[in-house]
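Protein chains in written order, with the numbering used here: chain X, 1 to 251; chain G, 252 to 505.
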């Protein structure tokens, strides 16, 4: 463990201890800022009662489905647009027009079309993920040096082989960038879509706790969202290490 | 004769100005089996374009390439690019097997072949490294092995050593000569370096600038190994220097 690590741990531990002390000595109100230990206790209680694991499962189901649909569509469309000129022409104006729209703004429409169930939430998440993955995949395909395509052609590769053996691996680093951004977007969107018109999920739990002014539970929800974000980042980093071994530093 | 260029020309339109640029004009040239043919000329004389046309990566605007054997292009040529053009996501071995792989050669066969070639270019032990873990000289060796893996009759080199430092270049020039002699392949080699041309070539095609034409074809019957300080070499350098100098001046005057 380096000095840098120690400083980082000291920073977090110090602040948590200070926070705990400030609440215990009555300098901070538990209503606004419950002590770290109380939040921990609340999380433990919610886990034991099954409330928190259930909420996480419900939300994860929406996140994972939306992410998988959106990412798959984004990668496929992005590779095709990057590799085939006319597909890009068909896609380009739609991307330009829809990309700047906050995808949460589409949620009411999806509620209207797909109803109050999971479908509208999954669709919102999928759309949000799709655009980030699509745009990054196109960037990835465009970043491939033309001389690599030439070399592949010179060595006898067919168009399909160039697509599979050059364009796909060449775009992979950018695809992973898109997936990481997409995972963050999925968590944002699952929270937003669970505020209204649902009776389950981590976002619903958090929002309901807020309306009841149960600040400890709000904090418990926020911390859980944070843990999900960390887990998603780890998972994607691991996938990237497996998928792009040539990006590793050499030692 | 391995392949013959007949009256090959290349021109294109500059989109921005609508100007028509003639890069190559009436190039007629026979490539003989087993020779080390140098295409020498000032920057912008179209020698790289000519190489791409021979490789089949560009179509000529006029004229044609003939393959007297009648077997068409097949796997006649393979190219070694100046900036290596290695696939960064493939290891050394993965790069070298690429050609046989896309030509559906079985895994065992293509890997055995690739290992042989990696040995030939003195890269044994580096099979599992990625290109970014190699020096420039080593990368160019990989590119050479990759080009050889398709067992082409003609190897095309597009200024392959231009990006390397002087020391590495000297070593690789000797390596190229060794591999040329060992494999008996035909080399067509683009360079703008007189010294390189005299050290390596068995024939030099001297090109003019703008539009690229053949100015003169010079035979180099000098024995090897050659040294730039040798008398015959020095005389030849002098003569070529005069010829090339005219073209460089003409090119700069444009």
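Ideal Cβ positions, reconstructed from N, Cα and C, are used throughout, including at glycine.
Item to complete: Flag residue 334(G) as yes if its beta-carbon sits less than 8 Å from any beta-carbon of chain X, otherwise no.
Response: Position 83 of the second chain holds residue 334(G). Taking Cβ atoms only, chain X reaches closer than 8 Å to residue 334(G), which makes this a yes.
Worksheet item: When burial is assigned at 16 or more other CB atoms within 10 Å of the CB, is residue 435(G) buried or exposed?
Response: Walking along the second chain from the start, residue 435(G) turns up at place 184. Result: exposed.
Fill in: residue 251(X) - DSSP class collapsed to helix/strand/coil
The count along the first chain starts at 1 and reaches residue 251(X) at position 251. Unreliable positioning characterises residue 251(X) in this predicted model, as indicated by a pLDDT of 38, which lies under 50. The coordinate reading is nonetheless provided below. Residue state, collapsed to three classes: coil.
Discussion item. Measuring CB atoms only, is the region 149-163 of chain X touching the region 341-353 of chain G, in the sense that at least three cross pairs come out at less than 8 Å?
Written reply: yes
Fill in: Neighbour-count burial assignment, residue 251(X), 16 or more Cβ in a 10 Å radius
Numbered from 1 along the first chain, position 251 holds the residue referred to as residue 251(X). Only weak support exists for where residue 251(X) lies, its pLDDT of 38 falling under 50; the value from the coordinates is given anyway. Looking at its Cβ environment, which holds fewer than 16 other Cβ atoms inside 10 Å, residue 251(X) is exposed.
Worksheet entry | Straight-line Cα distance separating residue 248(X) from residue 76(X) | In the first chain, the residue the question calls residue 76(X) occupies position 76. In the first chain, the residue the question calls residue 248(X) occupies position 248. Cα to Cα, residue 76(X) sits roughly 26 Å from residue 248(X).
Discussion item. I'd like to know whether the C-beta of residue 79(X) is nearer than 8 Å to at least one C-beta of chain G.
Written reply: Counting from one through the first chain, the residue named residue 79(X) turns up at place 79. Closer than 8 Å: no.
Practice prompt. Report buried or exposed for residue 128(X), applying the criterion of at least 16 other Cβ atoms within 10 angstroms of its Cβ.
Written response: Position 128 of the first chain, counted from the start, is the residue given in the question as residue 128(X). Its Cβ being crowded by 16 or more others within 10 Å, residue 128(X) is buried.
Worksheet item: Can you tell which of 359(G), 448(G), 378(G) and 318(G) has its C-alpha closest to the C-alpha of residue 484(G)?
Response: Residue mapping note: residue 484(G) aligns to position 233 of the second chain, counting from 1. Checking every option, the nearest Cα to that of residue 484(G) belongs to 448(G).
Worksheet entry | Beta-carbon neighbours of residue 263(G), restricted to chain X and to distances below 7 Å | For the purposes of this step, residue 263(G) is taken as the residue at position 12 of the second chain. Ordered by position in chain X, no residue passes the 7 Å Cβ test against residue 263(G), which lies about 16 Å from the chain.
Discussion item. For a contact defined as C-beta to C-beta under 7 Å, what are the partners of residue 349(G) on chain X?
Written reply: Sequence index remark: in the second chain, residue 349(G) carries index 98 (1-based). Chain X residues near residue 349(G): 155.
Item to complete: Please determine if the region 292-299 of chain G and the region 334-341 of chain G are in contact, where contact requires at least 3 C-beta pairs separated by less than 8 Å.
Response: no
Worksheet entry | CA-to-CA distance, residue 291(G) to residue 93(X), given in whole angstroms | For the purposes of this step, residue 93(X) is taken as the residue at position 93 of the first chain. For the purposes of this step, residue 291(G) is taken as the residue at position 40 of the second chain. When rounded, the distance between both Cα atoms is 47 Å.
Worksheet item: What residues from chain X crowd round residue 354(G), counting only those whose CB sits closer than 7 Å?
Response: Walking along the second chain from the start, residue 354(G) turns up at place 103. What residue 354(G) touches in chain X: 156.
Worksheet item: To which residues does DSSP link residue 463(G) through a beta bridge?
Response: As a first step, residue 463(G) must be located in the second chain, where it is residue number 212. Looking at the DSSP assignment, residue 463(G) forms a beta bridge with 275(G).
Item to complete: Kindly list, in the order they appear in chain G, the residues whose Cβ is closer than 8 Å to that of residue 161(X).
Response: In the first chain, the residue the question calls residue 161(X) occupies position 161. Residues of chain G passing the Cβ test: 353.
Item to complete: Given a cut-off of 8 Å, decide if residue 122(X) and residue 141(X) are closer than it, judged by their beta-carbon atoms.
Response: For the purposes of this step, residue 141(X) is taken as residue 141 along the first chain, with counting starting at 1. For the purposes of this step, residue 122(X) is taken as residue 122 along the first chain, with counting starting at 1. The answer is no: Cβ separation not under 8 Å.
Worksheet item: How about residue 246(X): is its C-beta nearer than 8 Å to some C-beta of chain G?
Response: By one-based count along the first chain, residue 246(X) stands at place 246. Closer than 8 Å to some Cβ of chain G, the Cβ of residue 246(X) qualifies, so yes.
Worksheet item: Whose C-beta lies closer than 7 Å to the C-beta of residue 91(X) among residues of the same chain, with five residues either side of it excluded?
Response: Numbered from its first residue, the first chain carries residue 91(X) at position 91. The residues are 77 and 81.
Practice prompt. Drop a sphere of 10 angstroms on the beta-carbon of residue 390(G), count the other beta-carbons inside from all chains shown, and report buried for 16 or more, exposed for fewer.
Written response: Mapped onto the second chain, residue 390(G) falls at position 139. By the 10 Å Cβ count, residue 390(G) comes out buried.
Fill in: Cβ pair count under 8 Å reaching 3, the region 53-67 of chain X against the region 195-203 of chain X
yes
Practice prompt. Could you say if the region 261-277 of chain G and the region 220-233 of chain X meet the contact criterion of at least three C-beta pairs nearer than 8 Å?
Written response: no
Worksheet item: Taking only beta-carbon atoms, is residue 329(G) less than 8 Å away from chain X?
Response: On the second chain, residue 329(G) is found 78 positions in, with the first residue counted as 1. Closer than 8 Å: yes.
Fill in: Any chain G beta carbon closer than 8 Å to residue 216(X)
One-based indexing of the first chain puts residue 216(X) at position 216. No, because no Cβ of chain G sits closer than 8 Å to the Cβ of residue 216(X).
Worksheet item: Could you give the distance in angstroms between the alpha-carbon of residue 460(G) and the alpha-carbon of residue 502(G)?
Response: Taking the second chain and counting its residues from 1, the one referred to as residue 460(G) is at position 209. Taking the second chain and counting its residues from 1, the one referred to as residue 502(G) is at position 251. The alpha-carbon atoms of residue 460(G) and residue 502(G) are separated by roughly 5 Å.
Worksheet item: So is residue 463(G) buried or exposed if we call it buried at 16+ other beta carbons inside 10 Å?
Response: On the second chain, residue 463(G) is found 212 positions in, with the first residue counted as 1. By the neighbour-count rule (16 or more Cβ atoms within 10 Å), residue 463(G) is buried.
Item to complete: For residue 150(X), return the contacting residues in chain G, with the cut-off set at a CB-CB distance below 9 Å.
Response: Walking along the first chain from the start, residue 150(X) turns up at place 150. Those are 303, 306, 308, 330, 332 and 336, listed as they occur along chain G.
Practice prompt. Check whether the Cβ of residue 381(G) lies closer than 8 Å to any Cβ atom in chain X.
Written response: Within the second chain, the letter at position 130 stands for residue 381(G). Yes - at least one Cβ of chain X is within 8 Å of the one on residue 381(G).
Item to complete: Identify each residue in the region 394-416 of chain G for which the Cβ-Cβ distance to at least one residue of chain X is less than 9 Å, and report them in chain order.
Response: 394, 397, 398, 400, 401 and 407
Discussion item. Can you list, in chain order, the residues of its chain with a C-beta nearer than 6 Å to that of residue 426(G)? Leave out the 5 residues immediately preceding and following it.
Written reply: Here the question's residue 426(G) lines up with position 175 in the second chain. Nothing meets the Cβ criterion.
Worksheet item: Roughly how many angstroms lie between the CA atoms of residue 174(X) and residue 162(X), to the nearest whole one?
Response: Start at 1 with the first residue of the first chain, and residue 174(X) comes out as number 174. Start at 1 with the first residue of the first chain, and residue 162(X) comes out as number 162. Straight-line Cα distance between these residues: approximately 18 Å.
Worksheet item: Under 8 Å Cβ-Cβ, which residues of chain X neighbour residue 311(G)?
Response: To locate residue 311(G), count along the second chain from 1; it is residue 60. Here the premise fails: no neighbours, minimum Cβ distance about 17 Å.
Worksheet item: Within 8 Å (strictly less), CB to CB, does residue 147(X) reach chain G?
Response: Position 147 of the first chain holds residue 147(X). So, interface residue.
Fill in: Rounded separation between residue 131(X) and residue 108(X) - CA only
The sequence position of residue 131(X) within the first chain is 131, counting from 1. The sequence position of residue 108(X) within the first chain is 108, counting from 1. C-alpha separation (whole angstroms): 19 Å.
Practice prompt. Work out the CA separation of residue 330(G) and residue 261(G) for me, nearest whole Å.
Written response: Locating residue 261(G) in the second chain gives position 10, where the first residue counts as 1. Locating residue 330(G) in the second chain gives position 79, where the first residue counts as 1. If I take the Cα positions, the gap works out to 20 Å.
Item to complete: Please list the segments of the alpha helix (DSSP H) lying wholly inside the region 314-368 of chain G, counting only runs of 4 or more residues, in order along the chain.
Response: 343-347 and 349-353
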